[in-house]
Structure formats: structure tokens, C-alpha cells
Amino acid sequence: MNGTASDRRAGAQSGERARRKFDLSRLFALVRKESLQAIRDPSTILIAFVLPVILLFLFAYAVSLDVREVRIGVVLESDGGSAQSLAAAFAGTRYLTVTPARDRREVADQVVSGKLRGFVVIPQDFERRLASPGAAPLVQVITDGSQPNTANFVANYARGVVQTWQAGRSAAAQPAVIALEPRYWFNPELESRRSLVPGAIAIVMTIIGTMLTALVVAREWERGTMEAVLSTPASVVEILIGKLLPYFVLGMLATISATLLAIHVFDVPLRGSWLALLLLSAVFLIPALGQGLLISAITRNQFLASQIALFSGFLPSFLLSGFLFEIDAMPPTIQAITFLIPARYFVASLQTVFLAGDVWAVFLPNLAAMAVIGMFFFAIARHKTRKNLES
Amino acid sequence: MRRLFKIFPNARLRAQMVKELLSILRDPRSRLVVFLPPLMQLFIFAFATTLEVRNADIAVHDRDAGHWSHEFVARVAAADFVREVHTVHSRDELRALIDERKVIAALEMGPDFSRDIAAGGTGTAQVIVDGRRSNAGQITVAYLSTIAADVGAAATRDTREASPIVVRNWFNPNLIYRWFVVPALSGILVFFSGLMITALSIARERELGTFDQLLVSPTTTTEIIVAKAVPALAIGTVLGLLMIAAAAFGFRVPLKGSFWLLLPSLELFILSVVGIGLMISAVCATQQQAILGTFAVGVPAVLMSGFATPVENMPTVLQWMAQGIPLTHFLILVEGTFLKAMPLSDIIANTWPLAVIALVTLSMAVVFVRSRLQ
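Quick note, the sequences are listed as chains A and B, same order.
Each residue of the first sequence is one higher than the one before, counting from 8 in this note's numbering.
Each residue of the second sequence is one higher than the one before, counting from 62 in this note's numbering.
Here it is, written out as C-alpha cells:
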């Protein structure tokens, strides 16, 4: 830049820009143009309506945190009657698919190859161990530790089978001193689908809000049409609203259709109100769209925009939002990062509005957080858009 | 760099490859974006993704206030996985804490809890769990049961309560979740980056109009596909090796198997990903379509690959579909090589599907590009 003259001109320009009247008919024309552009591209429809259905379906049926059919081996080294009855107890357990064996070498290789998730060894001296309780553990359980979650399930199921079998053998066995009676509120059947499907809506909205917007606006910058639109009498605010409104509507439509699917197809209850759900979705779209706009204004290149949207929008909303992985269990630094992820607030609210009901004590702070992050993104995005014009 | 490509005898092909590589790596920003964010993600997500329960808040509604309920609560408060115990005095308070997600579970002891235990009976405690977080809730209940059993053992001074089983976890004795996550994440991040780079390659040229120029030049369709596949393969390999190095040296995940067996599987994996990316690219008219197409293919693929949950838990039809996803096989290979020191036979059992996928997708890409010509 050469000195103050151009600075002053730029200042005057932006001052003039700000003074321009907000024109509704101009805004309407912009919105119409953007909407047509969005609807005519088949990829928009794919992302806004087809992908959500696929994602909800996968979260409902493919991604199940409840380990239901664990394949294990049962190595029966003893020929005794009780050993065989324990082996039969394993084979008869609903959650286990058992491969019987006589020698542990038969099943060890299958644990390495991943065909089995572990095996149980009923040892040669099983009858003797049974006769002198407490001296030595009855059976040995080997798990495939390369999948820690499944390994835990194998150990817990095996312990449960052995304990039930023992209790069945000696009716006079001592009762437990403390009995815990778990009650799972909001989700008594413990269907992981019921908490995953609401969370999946947050993922879908992030894809539409951040990903799609970042791409569309970055394309305009890349092709130079953004400068062309900015040089028209329309103000920056009008242009931005014109750009974002169609995607806002698309996001809301996707939420509504995803919710209808969740309720009627995937059997997830909506215990809260539609009003709360739509309010939460609308407010979540502020940071989602703002982030998309910001990414496009910084990169002005579709490839860069897609990569940054992927790594700063989609993956964090997937992994850092508390949707699959508990935020409380993360290290403090990572927990601090999650506060910056809008999806974190949205996922908690969605799970509540679907499963618990309208708990405004949860919604209000979350709404406020999403709005603040959204405003922040928009403020920087607007600043960047101006700067882009001046440089 | 030109010298590096001398190994390819065909000069035309060589020139195209150099051009493709430069089109991705020339811009310093995109050079940065290809390598830096995936590595950053690896570090963040490696710490973030855990299915354990830690720092949990528990509410306690103790209507007994006797010796054994105090003992139980004290042990819960001292447990490793608990951050804070909130004492409440009414059911309403308890309900509010659960509703507002302030606690993941609440313990409620009835007025007869200690008396029942002292009389040699069973003290019953209710555990109310936030079902919105069903997985973490179940794990919390399992932890609490262990504590209850310990208190019970202390009450009866009975050593026979010892667990009837002994558990040994192969390959990962302490079940460190990171050992599972880091190799898996390196596969996922390479998968996404490779897919995106290749999906954009043809679509970008088509959007800019340079693809038509390429088609009227003497190059053959196969040459075009090879020229686009090789640079992506090179970038993917560098990224994959960086990830594997980070896993082995940064995160100290034990690399028990042979690196030299993992390398060919990595190459075949990237090649099959490149094939899928080029297929997407061939049917897309614009970059935007290519990026969104990558998403529509990539996200379901990651979900079905067995990263989030094991493939064998899925419905049978989805299990079959999962076999067509390169990531499914690569996850078995990378976990197997790192932790299990998988023998050659198991490696081959999981690499031939990758070779088939690569072959099918790359030839499909050639067919798609050719059909666009007519």
C-alpha cells in the first residue's frame, strides 16, 4: 500500500458501504440466486438429504457400543463333569459365540488373526480347584488387548458366566453383602442407538453448516465472483445473509427430516418439545455457518477450505463433542479445547431434548455458548472479508 | 525431483506425474495443509478418544448414614475414576443433578442399609444412571460394583469372595486405549487425505477446463490415471510413514511386528484409496462435487471400518459391505503389526482384498474417464 491516501480511500469506502441502506428486495434477489445455485447442484442434495439418512442408519445399526456377539474360544482341558457343565454354560450364553477346543494352541492363532476376541481355559485340575475354593482361580481368561473395549467385555462376560454357574451349583451360596440395583434413566433398555442418533444430527448439521458453506463461498473467492458480487451496490451484510440463508434453511430442513426419521424409523423418543429442538438447531447453525464463512474467507481456495473444514469442523464434532467419547475422561488440555467446539454444546443438548425432555438448565448455558462462539466467528469472518477486498 | 521420476521410462508419463505433484505441493499453504493438520489431529485425537471413564462426578443420597454406608461412600470418593462426590439430601436434588448432566450416576442408600448388613443380610443400594451416556454409565456401574464387592469382603472378613477367574490381556496387558487408537487413527487420517487429494485431481482440471486439453493430447486414458495415481501414492506414503513414526516413537506404541511387512500393506491400502478417489473424481464435474462426494463415501466408510465399534457387531449385510472398504482391512493390518506381530499368513489374508479393491477401483476409474470421452 502506498501511504495514507489509499488508506483514507479504503476507510471512506468502508464507511460508505456501512451507510448503504439495507434493501430487502435486493436481499431477496441474492437469496433466490444462492438458493437456485444450491438446489441445482446434485452434490448439495446428496449432502443435505442422502448422507444424513445414511449416517443415521449407520449410527442406528452399524455403530453399536453394546458388544452383543463376542466370539471367544473355550479350551476344555479337563474331562470332569463340572468342567463340562461350565463349558456348556459358556456355549449357552446369549452374548457369546463359542468355538470349543481341547488345546489352547488351537485357538491362540485365531486370537492373533482376529477371528476370536479371547478364550477361556478350563484347566486340567479344575475339579480339584473347585473342591478347595479360594486357593486358586477356577479358570483363566485370555483377551485380545489390541481392542481394549472388547477385551473388557470378554473379561466381564466370562466373570458373569462363571459366577452365575457357581451360584447355580450351590444354592446355599452366601448372598452378596451389598447389592447394587442400577436404574438407567432416560434409556432403560440401554440402547446405545438412542444416544448416538441424536448425536448424529449434530454431525449432519456440522457437515451442512461448516463444510458446505466453506466450500461454496471458497469457490466464489477462487473464481473471483465474490469480488464481483462485493463490487455491486449490495452491502457486505446483505451478501453474507444472502449466501448463508439458503444453507440455514437447508440445515433446518435436514434437522427436521433427521428428527422425523429418528422418531419414526429408529425408535428414538422425542421427550422434549419441537420448539426447543428447533431453537437449539437454529442457534447451533450460527457458529457452524460462521466457521464455514471464516474458513472460506481465510483460504479462498476450495482444496484448502475442504481440508481445514474437515480437520477443524467435522472431525472435532465427531471425536471431541462427547458424542462417542466422554469429555470427562479426556486430559485437561483436550477438555479445554472441547469448550471451543460448538458441537460439544449441541450434542449434550440434543441428547437431553430427545431422551430427557426440556431441561432449560441444560439448554440455556449451551445456547449462550453456541451464540457467543458463533458471533466470534462472524466478527472475524466479516473483518477478513473486508481485508480481502483491500489487499 | 525430475531425476527421481527417471525410473519411469515413459517421458510423457513422467512429465505428467511431475505436473500432478507440483499442482498439489507448489502452493506453500496447501503443502502445509496436506501434512500438518493430519499430524495435529493424530496428537489431539489420540488423547481424546477413550472409552474409559475418568473424572466422573457421582451424587450420593445417603438416607442411612450408618457405618456401612459411610464406608461405601468413602471408598467411592477415594476411587480413581471419581472426581467429585456431591452429597444430596432429597430425591429432587438428585433428579436435578442427573437432569442437568452434573453427575453421571447417583447412589441412593435406603434407611436400612447398615442394619441389613449388620444383621448378615444384603444391603441394597440403588444406582441411578444417566442413560443419555449409556456406555459410560454401564462402565461406571461396573466400577461401582467392584467397590461394593470390596466393602462386602470387608464386612464379612471373607477371603473366599476372591474372583473365580484370572484375566490376562494379550498384546496390551494394561488395556491402554491409546495403543489401539493411534495406529487406527493413522489409517483413518491417511484414508481421508488420500481420498480427498485424488478426488480433487480430475475434478479440478474439469472445472478449470484443462481436462479437455489433456484428453485431446496424445496421452492415453490409462496414462492419465497412472499419472494421477502415482503422486497421490507418494504423498500418502509420506503421510502414512510420518504417522507410523509418530505412533512408534511419539506415542511409544510397541511395534512388535515387522515394519517391512507393514510397508507393502500401506502401499496397497493407499493404492486402493487412490482408486476410490479417482472413481469419485471421474464422475464429478466440479471440485465441490468431488469434495462432497468424498465425504459421502468417506464418512460411512470410516464408521463401518471397525474403528468405532467392531465389525462383528454389525448386521450381516453391513459386515459384507465392510469387506469392500480398504480401511477395514488396513485397520486389522496396522493393529496386527503394531501390537500382535501378525505372521505373514495373516498379513496376506488381509492384503489380497486390498489388492483386489485397488485393481477394481483403478480399472473402474479408467472406464469412467473413457466413458466421459464419448
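We put the beta carbon where it would ideally sit given N, CA and C, even for glycine.
Please read all numbers here as calculations on a predicted model, not as lab measurements.
Cβ-based burial, residue i [other Cβ within 10 Å; buried from 16]
i        : result
B:VAL430 : buried
B:ASP177 : buried
A:TRP228 : buried
B:GLN384 : exposed
A:ALA343 : exposed
A:VAL211 : buried
B:ARG162 : buried
B:GLU266 : buried
A:MET214 : One point to set straight first is that residue 214 of chain A is Ile, not Met, in the sequence displayed. It is buried - the Cβ of A:ILE214 has at least 16 other Cβ atoms within 10 Å.
A:ASP116 : exposed
B:ALA426 : buried
B:VAL134 : buried
A:PRO189 : buried
A:SER71  : buried
A:LEU371 : exposed
B:TRP381 : exposed
B:ASN71  : exposed
B:ILE331 : buried
Minimum Cβ-Cβ distance from residue i to chain B less than 8 Å
i        : result
A:SER313 : yes
A:VAL184 : yes
A:MET259 : no
A:VAL366 : yes
A:LYS391 : no
A:ALA295 : no
A:GLY88  : no
A:ALA95  : no
A:ALA179 : Caution applies to A:ALA179, whose pLDDT of 49 falls short of 50 and renders its modelled position unreliable; the value that the coordinates give is listed next. No, its Cβ sits nowhere closer than 8 Å to a Cβ of chain B.
Bridge partner(s) assigned by DSSP for residue i
i        : result
A:GLY2   : Since the first residue of chain A shown is 8 and the last is 398, residue 2 of chain A is not available in this structure.
B:ASN230 : A:THR150
A:ARG190 : B:ILE189
B:ASP168 : Reading the sequence as shown, one finds Leu at residue 168 of chain B and not Asp. According to DSSP, B:LEU168 bridges with B:VAL121, B:VAL188.
B:VAL143 : B:ALA117
B:THR422 : Partner(s): none; B:THR422 has no beta bridge.
A:THR213 : DSSP output for A:THR213 lists no bridge partner at all.
A:ILE185 : B:GLY184
B:THR148 : B:VAL121
C-beta contact flag for residue i and residue j at 8 Å
i        : j        : result
B:LEU329 : B:VAL251 : no
A:LEU6   : A:ALA45  : Absent from the structure is residue 6 of chain A, since the part of chain A shown begins at 8 and ends at 398.
B:VAL190 : B:ALA166 : yes
A:VAL77  : A:ALA108 : no
A:THR392 : A:VAL243 : yes
A:ALA221 : A:ALA312 : yes
B:PRO234 : A:GLY152 : yes
B:THR280 : B:ARG75  : no
B:LEU420 : B:PRO387 : no
B:PHE391 : B:LEU246 : no
A:PRO360 : A:LEU292 : Pro is not the amino acid found at residue 360 of chain A; the sequence shown has Val there. Not in contact: A:VAL360 and A:LEU292 (Cβ atoms no closer than 8 Å).
A:ALA162 : A:VAL148 : yes
B:VAL314 : B:VAL395 : no
Residue-level contact to chain A via CB, residue i, 8 Å cutoff
i        : result
B:ASN196 : yes
B:PHE429 : no
B:ASN116 : yes
B:TYR238 : yes
B:LYS401 : yes
B:PHE440 : Any question about residue 440 of chain B goes unanswered here, given that chain B covers just 62 to 435.
B:ILE71  : One point to set straight first is that residue 71 of chain B is Asn, not Ile, in the sequence displayed. B:ASN71 does not count as touching chain A.
B:MET257 : yes
B:PRO387 : no
Closer than 8 Å at the beta carbon, the chain C residues around residue i
i        : result
A:ILE341 : No chain C is present in this structure, whose protein chains are A and B.
Taking 8 Å as the cut-off, does the region 157 to 177 of chain A touch the region 398 to 416 of chain B (at least 3 CB pairs, one atom from each stretch)? no
Pair every Cβ in the region 255 to 274 of chain A with every Cβ in the region 205 to 215 of chain A, then say whether three or more of these pairs are closer than 8 Å. yes
If contact is defined by three or more beta carbon pairs under 8 Å, each pair taking one atom from either stretch, is the region 347 to 354 of chain A in contact with the region 289 to 304 of chain A? yes
Quick check: the region 302 to 310 of chain A against the region 98 to 117 of chain A, are at least 3 beta-carbon pairs closer than 8 Å? no
Counting pairs of Cβ atoms below 8 Å between the region 269 to 288 of chain B and the region 349 to 357 of chain B, do you hit three or more? no
The region 119 to 129 of chain B touching the region 137 to 146 of chain B, judged by at least three CB pairs closer than 8 Å: yes
Flag this pair as touching only if the region 359 to 366 of chain B and the region 252 to 265 of chain B have three or more C-beta atom pairs under 8 Å; answer yes or no. yes
Taking contact to mean at least 3 C-beta pairs separated by less than 8 Å, is the region 334 to 348 of chain B in contact with the region 287 to 300 of chain B? yes
Closer than 8 Å is the cut-off here; do at least three beta carbon pairs connect the region 343 to 350 of chain B with the region 213 to 227 of chain A? yes
Pairing CB atoms from the region 96 to 105 of chain B with CB atoms from the region 312 to 330 of chain A, are three or more of them under 8 Å? yes
Counting Cβ pairs closer than 8 Å, one from the region 142 to 158 of chain B and one from the region 373 to 383 of chain A, do we hit at least three? no
I want to know whether the region 79 to 98 of chain B touches the region 274 to 288 of chain A - three or more CB-CB distances under 8 Å. no
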